[in-house]
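J.: Respectively, the protein sequence lines represent chains A and B.
Each residue of the first sequence is one higher than the last, beginning at 22 in our numbering.
Each residue of the second sequence is one higher than the last, beginning at 2 in our numbering.
Using N, Cα and C, we set each Cβ at its ideal position, and we do this for glycine too.
Only a predicted model underlies this, so the values are computations on that prediction, with no experimental measurement involved.
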Amino acid sequence: MNHNIDAVIALSAVLFGLGVLGVLTRKNAITIFMSIELMLNSVNLSLVAFSRLHNDITGQMLVIFVMAIAAAEVAVGLAIVISIFRNRQTADVTEINLLRW
Amino acid sequence: MPVDYTLLLQDTLAVSPVLLVLLTGIVLMVMAAQKHQSAALPWVSAAGYLASGVLLNCLSFTDSTAFSGMVATGPYFLTGGTMILGLSFIHSLLSGRLLEKDGIYFGEFYALQAFAVAGMLMMVSSGNLIMLFIGIETMSIPFYAMAGIKRKDIRSNESAMKYFLIGSFAAGFLLYGIALIYGASGTTSLNDLAVWIASGQAGTLFWVGIGLILTGFFFKVSAVPFHFWAPDVYQGAPTVSAAFLATGGKMASFITLAFVSFRLFPVPSDKWGLAVALAAGLSMIIGNVTALAQNNVKRILGYSSVAHAGYMLLAVISQSAEGYQALAFYVFVYGITTFAAFAAVGLLEKNGEPVTLENLKGLGFSHRLEGTVLTIALISLMGLPPMGGFIGKYLVFLNAWQDGQAGLVILGVLTSMVSVGYYLRIILALYTRTDATEVIPVPAGGAATAALVLAAAFILITGIYPAVLTGWTSLL
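(1) In the stretch 3 to 52 of chain B, which residue ranges form an unbroken alpha helix (DSSP H) of at least 4 residues, counting only runs that do not cross its ends?
(2) Starting from Ser169 (chain B), trace the alpha helix (DSSP H) both ways and give me its first and last residue.
(3) Please determine, among B:Leu364, B:Leu361, B:Ser417, B:Ser381, the residue with the shortest C-alpha to C-alpha distance to Ile286 (chain B).
(4) Does the ligand COA have even one heavy atom less than 6 Å from the beta-carbon of Phe116 (chain B)?
(5) If you compare alpha carbons, which of B:Gly363, B:Asn297, B:Leu370 is closest to Leu429 (chain B)?
(6) Contact check, Ser306 (chain B) vs Lys221 (chain B) under 8 Å by CB: the rounded distance?
(7) Using a Cβ-Cβ cutoff of less than 8 Å, which residues in the same chain neighbour Met55 (chain A) once the five nearest sequence positions on both sides are dropped?
(8) Could you give the first and the last residue of the continuous beta strand (DSSP E) run that contains Ala203 (chain B)?
(9) Using a Cβ-Cβ distance cut-off of 7 Å, determine whether Met124 (chain B) contacts chain A.
(10) Using CA coordinates, which residue listed in B:Tyr312, B:Ala457, B:Leu246, B:Thr463 is at the minimum distance from Thr373 (chain B)?
(11) If we count Cβ pairs, one from each stretch, closer than 8 Å, do we get three or more for the stretch 178 to 185 of chain B versus the stretch 201 to 217 of chain B?
(12) Rounded to a whole number of angstroms, what is the C-alpha to C-alpha distance between Trp122 (chain A) and Gln295 (chain B)?
(13) Based on the DSSP output, what are the partners of Ala67 (chain B) in its beta bridges?
(14) Taking 7 Å as the threshold (beta carbon to beta carbon), is Asn360 (chain B) in contact with chain A?
(15) Exposed or buried, Met88 (chain A), counting other C-beta atoms within 10 Å across all chains shown (16 or more means buried)?
(16) Do three or more CB pairs link the stretch 239 to 248 of chain B to the stretch 332 to 341 of chain B at distances below 8 Å?
(17) How would you list, in chain order, the residues of chain B whose beta-carbon sits under 7 Å from the beta-carbon of Asp77 (chain A)?
(18) In chain B, which residues lie with their C-beta within 7 Å of the C-beta of Met60 (chain A)?
(19) Give the residues of chain A in contact with Ile155 (chain B), contact being defined as C-beta atoms less than 9 Å apart.
(20) Contact between the stretch 110 to 128 of chain B and the stretch 69 to 81 of chain A: three or more CB pairs below 8 Å?
(21) Relative to the alpha-carbon of Asn58 (chain B), which residue among B:Pro387, B:Gly82, B:Phe333 has its alpha-carbon at the smallest distance?
(22) Between Ala93 (chain A) and chain B, is the shortest Cβ-Cβ distance under 7 Å, so that the two count as touching?
(23) Mind reading off the beta-carbon distance from Val64 (chain A) to Phe86 (chain A)? Whole number of angstroms is fine, and I expect it under 8 Å.
(24) State the Cα-Cα distance for the pair Leu399 (chain B) and Tyr312 (chain B), rounded to the nearest angstrom.
(25) Pick out whichever of B:Ser89, B:Leu379, B:Ser126, B:Gly413 has its Cα sitting closest to the Cα of Leu259 (chain B).
Pasting the structure below:
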């Protein structure tokens, strides 16, 4: 039983790492955004696994909240990307660089 | 299972200030949908914050919990909530004028702000890591929209996108930290966690989780090495939004950090202290030194916020009651001071032009009130008497000194001296006579003037007679 949970937690750690890597290396705002979603969902996976490990409902409760919050974030985030794209015709973060010293 | 209505009523009463702000937000949103009522919006939101603040101070708060430990209604809720609501109140007095000046005719701004304030109140009253995460996100999501509210302006767009991407990236770390702590301990309640830590079972998994949570917090308070977004966001966002993001967000995040530290580590933890000390030292150095090279006033204030995050973290290292009290004093004064600085800059700026030092030249003569308030705020940020910023720095340094952080205190004093350099440049620019044609001052209007005068009076009173605040922060 515990052995399986270790595997799930390792998988979630790998997915989280991939998400971080994606955020740090990708150039398109939408792709970065998808990587952030990957990070959040990898955490959900580990929360469900830990919830099973401790035989406790709290982790699964948090997962529901995380999904709701991620949905709200998507709504605001996509609106921001769209407004940038309307003004600049690009969503490439390396080209969006007016603010720097 | 029968519902215990008495308990439900008690719990609802305990969180009623939050509910009142949420209700204000909903009312504002409905009103904003009917454009013609927009002149009333700032007044409705000011009334909402004032009522909520009064309600918060009427409830008798002993250290207790509501909703099965999800909400902690202790002195932290009282202190943190009062400063957040006070700031929001004077901000809504000012925002009407600044929004009009910037050509932002979205009444939704006020609703977004109200929801962000509700999130902040949830943060400072969180008794559980789940509530902490929900509170931080409820605050942050409206913040992203507020930074980008000037839809046609590419700088506002860019600041919103940077803030959004980096903010949600940080939220991922925070959440992973919560998951690891839950995995290690089997609980997310701060009270249960404290018991579990005291029992000595905390292993590597737990400390990695704590590290990730601290990373999330360092992002939110813009501490080095997670500070790079702050200057960009404060520069690009409309000044009316920056005045709130830079102050309210910081107040809520620091009070929450103090509360988490207070709950989890009644016995000071070396690991927690070391991580905070590192971030504090780096923030003081990098924030102050980089600010010297800036030319845009809002950007200088952005780096100044990084530097001040360092001073405030200094108060968390000792993990003592005196430290948290010093932090509460500092963060309250810092919030109002930075608000005053942004407010004055917002009233001085010409629409569409960046607020560089050259553009500020001579404006202190034509705009006497704004010039005076900005000067008072900057002197307070330098940490010189007779301003509140001086007392705040004194309390924080005193606490760190007594805790044996002599090196960091000396570093703090030295970097404060460096900071005089860039704050003084702004004041000098304000009072440099130019040959340019005389600027005809535009009167700021009653409500905005009241906001400026209130903020300046607060800075002076806390500096001359700090007992008004210390008596109240000593509750912590």
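T.: Quick answer:
(1) Runs of the alpha helix (DSSP H) spanning 4 or more residues and lying entirely within the stretch 3 to 52 of chain B occur at 6 to 15, 17 to 34, in chain order.
(2) 155 to 186 is the span of the alpha helix (DSSP H), which, as asked, contains Ser169 (chain B).
(3) Measuring from the Cα of Ile286 (chain B), the nearest candidate turns out to be B:Ser417.
(4) In terms of ligand content, the structure shown is empty, and the ligand COA therefore cannot be addressed.
(5) Considering only alpha carbons, the answer is B:Gly363.
(6) That pair is no contact at about 12 Å.
(7) Same-chain partners within the cutoff: Gly43.
(8) Taken as a continuous stretch (DSSP letters only), Ala203 (chain B) belongs to no beta strand (DSSP E), as it is neither H nor E.
(9) Not an interface residue.
(10) For the residues B:Tyr312, B:Ala457, B:Leu246, B:Thr463, the minimum Cα distance to Thr373 (chain B) belongs to B:Ala457.
(11) Counting Cβ pairs under 8 Å, three or more are found: they touch.
(12) The predicted model places Trp122 (chain A) with a pLDDT of 49, which falls under 50 and marks its position as unreliable, so this point remains unresolved.
(13) In DSSP, Ala67 (chain B) forms a bridge with B:Val72.
(14) Not a single CB atom of chain A sits nearer than 7 Å to the CB of Asn360 (chain B).
(15) Residue environment for Met88 (chain A): exposed (fewer than 16 other C-beta atoms within 10 angstroms of its C-beta).
(16) In short, these stretches touch, since the Cβ pair count reaches three.
(17) In chain order, Gly187 make up the part of chain B whose C-beta sits under 7 Å from the C-beta of Asp77 (chain A).
(18) By Cβ distance, chain B contributes Gly173.
(19) By Cβ distance, chain A contributes Ile105, Asn108, Arg109, Ile117, Leu119.
(20) Taking 8 Å as the limit for Cβ pairs, the verdict is that the stretch 69 to 81 of chain A does not touch the stretch 110 to 128 of chain B.
(21) When only C-alpha atoms are compared, the closest one is B:Gly82.
(22) Judged by the 7 Å Cβ criterion, Ala93 (chain A) is in contact with chain B.
(23) Wrong, their Cβ atoms sit about 12 Å apart, outside the cutoff.
(24) Approximately 12 Å between the Cα atoms of the pair.
(25) Here the sequence assigns Ala to residue 259 (chain B), which means Leu is not the residue at that position. Residue B:Ser126 is the option with its Cα nearest to Ala259 (chain B).
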